[in-house]
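Chains as they are written, first to last, in the numbering used here: chain A, 1 to 465; chain B, 466 to 746.
In what follows, a structure is listed as structure tokens, so that the remarks can point back to it.
Dropping the structure here:
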């Protein structure tokens, strides 16, 4: 097997420089009719500087060696490819392999991108990084990279998400980052991006905006993808080694779509490999409370790119809903919109309930607690497996790779609530252990909580541990 | 983007916003450009406020379309536009508002909008209805000329001004490209930041205006952070117009239509040369 790290260094075929007829040749700014730069003029110079720095860096052996070294000796790459035999029995008996991005340092795929961008920030002479975060995974990863490389770090996080992901707020603070709860709009990821952009406009001289997904203005979609392509490159080599063949299908969850595009890209030129992106169906796509952007949205511009978008008849962004903070975003990366339009990737919605059932199933069958985001991909894999085995001679002839994009430690409270493990005071039943603020201020899922309150409770929880 | 080949635009197409600025110039002053959000605090009140501002010295009214994700706006305007949306503002209301202001005043009426609402209605459809309402054109804070092919075509077809922004960070190449794409006036962003009143106007503003003029802009107007008559006086020394937003929105919020009219009147005293005031007294 070719060492994936070596493959990365040699570039294999970096997407931006693949042959033009290849789908892997996708350097931006446009992906078909999507992408571009729908941004205030004030930020164009910074985007130009970033693009120039990135274009030089991605062909600079010294830079690639730096990324490789951090990936290997800091993040722990290559991440494992684990066969999930007992879980696969529920997916029609297909062979299911998990790409273990949950085992990366900080617990998700997000670290791949932030290390690359933090190195670019240093190259540009920036001393401060800012980021938005939904579930908190990208914020934690950015805070981590900032600590490692000696950069000041400010993370914008919706106040609603601060409440849902309090543990990650504490992690960021422990890592030395400042977390700013955002109280505008729906108080979730899109509003955090708005405030991060406002910060960037005002501080662009010394600040790099570490955008956490493959959305936004050029060069972000192509650049963030570049740093995640290692996922698919490793997975391709690993599945060939373990099974001697390419997989029949890839499954990944889609918020903005960074973990999915990272996995998919390595296989885009393999026509036999089907690809499935699973969006958050929330309470159901017919309820209006979901985040199924490609399934139900229509093209528009948000946060710098033309892409599918959840919007009303006036072009106002519709607030998304998902049990998973990381998928709770009404937009999606422009390359996904393109891959949808040309039919290369199928995008489907998974409800909260389906995701949580898959969450439990993976815990019970494989001893792995996944992130709730990732649980959407697992629920999708069950469906895909059951569909594909119908046409297979033997179920085990079907091979599926699921991107296990993150671990579920951050979701323990949400999951405990969902499965009724907590009593009404928020204690783990039969114990005095609390995952929440003190008794007397119960705030179960859905109960409104002031931003400051949420931050306070987080800090208290952290100090209690 | 040839402006002469389309058949529907008037043969001798006159920019309404340019005319308003030139009229102020002929009167020995610079243009006052006043921003107010459509539908805030209500549809009728936003019309009344704009009329009050126009009757108290504003040469151009800039009506902002409330939008769910206003990344270039600070807290005051965000709060106002959020309230307008909560009160049921719809994008097509802006055409009624523009028509009502145009009917009652001599001011040129521009619409300031983030781009997605225009795309959603359709760039051509939006432009046609804006022209029918008597609107002068669009100010587009998140649309750069690089992405504006559809808007070039529609603005030429319906004879609308297209005001793009130049920033302190814009390179000479981008300033030149933006100036060439602009019709009416260039919006010179005074500071790297979002809308909001500031105690002083950044010195960067003068350089941005100079760069725009050097690139061939006949008219460059300064916005962002302008809130007092003394700012107006400073900017009038080098720019062709002064854009005020947040301060007016705050006045409307706190004191209603009367207060916003009074502030416009006070701001326009910034155009009176101090010496003239003394002589007059």
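Note that beta-carbon positions come from the ideal geometry of N, C-alpha and C, so glycine has one too.
For residue 513(B), the enclosing alpha helix (DSSP H) begins and ends at 508-519. Within chain B, no C-beta atom comes nearer than 7 Å to that of residue 328(A); the closest sits roughly 15 Å away.
Judged by DSSP in its simplified three-state form, residue 132(A) adopts strand. Taking every protein chain shown into account, the CB of residue 287(A) has fewer than 16 other CB atoms within 10 angstroms, so this residue is exposed. With 16 or more other CB atoms across the displayed protein chains lying within 10 angstroms of its CB, residue 705(B) is buried. Relative to residue 578(B), the option among 537(B), 598(B), 669(B), 566(B) whose CA is nearest is 537(B). For the C-beta of residue 36(A), the chain B residues within less than 9 Å are, from N- to C-terminus, 611, 612. In this structure, residue 108(A) places its C-beta atom within 8 Å of the C-beta atom of residue 405(A). Nearest neighbour of residue 224(A) by Cα position, chosen from 243(A), 201(A), 259(A), turns out to be 259(A).
Classified as exposed, residue 668(B) has fewer than 16 neighbouring CB atoms from the shown chains inside 10 Å of its CB. Taking 8 Å as the cut-off, the Cβ atoms of residue 324(A) and residue 310(A) do not count as close. When Cβ-Cβ separations below 8 Å define contact, residue 505(B) makes no contact with chain A. Residue contact check for residue 608(B) against chain A: a CB pair falls below 8 Å. Per the coordinates, the alpha-carbon of residue 222(A) lies some 13 Å from the alpha-carbon of residue 18(A). If you compare the alpha carbons of 150(A), 36(A), 135(A), 38(A) with that of residue 106(A), the shortest gap goes to 135(A).
Rounded to the nearest whole angstrom, the CA to CA distance from residue 303(A) to residue 244(A) is 42 Å. Interface residue (Cβ-Cβ distance to chain B less than 8 Å): residue 187(A) is not classified as such.
A Cβ-Cβ distance of about 5 Å is found for the pair residue 375(A) and residue 358(A), placing them in contact under the 8 Å criterion. Shown here, residue 334(A) sits in a helix according to DSSP, grouped into three states. Using a Cβ distance threshold of 8 Å, residue 687(B) and residue 707(B) count as a contacting pair. Runs of the alpha helix (DSSP H) lying entirely within the stretch 672-704 of chain B, each at least 4 residues long, are 694-701 in chain order. Cβ-Cβ distances below 7 Å link residue 339(A) to 345 in the same chain, with the five nearest sequence neighbours on each side left out; the list follows chain order. DSSP places residue 663(B) in no alpha helix (DSSP H); its state is neither H nor E.
With a cutoff of 8 Å on beta-carbon distance, residue 114(A) and residue 155(A) are scored as not near each other. Counting along the chain, residue 37(A) sits inside no alpha helix (DSSP H), nor does DSSP assign it H or E at all. Residues of chain B whose Cβ lies closer than 8 Å to the Cβ of residue 311(A) are, in chain order, 581, 585.
Secondary structure note for residue 622(B): its alpha helix (DSSP H) is the uninterrupted segment 614-623. Here residue 575(B) carries a strand assignment [DSSP, helix/strand/coil].
Of the other Cβ atoms in all chains shown, 16 or more fall within 10 Å of the Cβ of residue 118(A); this residue is therefore buried.
The beta carbons of residue 131(A) and residue 144(A) sit about 11 Å from each other, so the pair does not count as a contact at 8 Å. Contacts with chain A (Cβ-Cβ distance below 9 Å) from the stretch 620-649 of chain B involve 629, 630, 631, 632, 633, 634, 635, 636, 639, 643, listed in chain order. In this structure residue 631(B) is in contact with residue 640(B), their Cβ atoms being roughly 5 Å apart against a cut-off of 8 Å. By the neighbour-count criterion, in which 16 or more other beta carbons inside 10 Å mark a residue as buried, residue 54(A) falls on the buried side.
Distance between residue 550(B) and residue 293(A), taken at the CA atoms: about 22 Å. Taking residue 646(B) as the centre and dropping the five residues before and after it, the same chain places the C-beta of 466, 610, 613, 617, 627, 629 closer than 8 Å to its C-beta, in chain order. Beta bridge pairing from DSSP links residue 401(A) with 97(A), 250(A).
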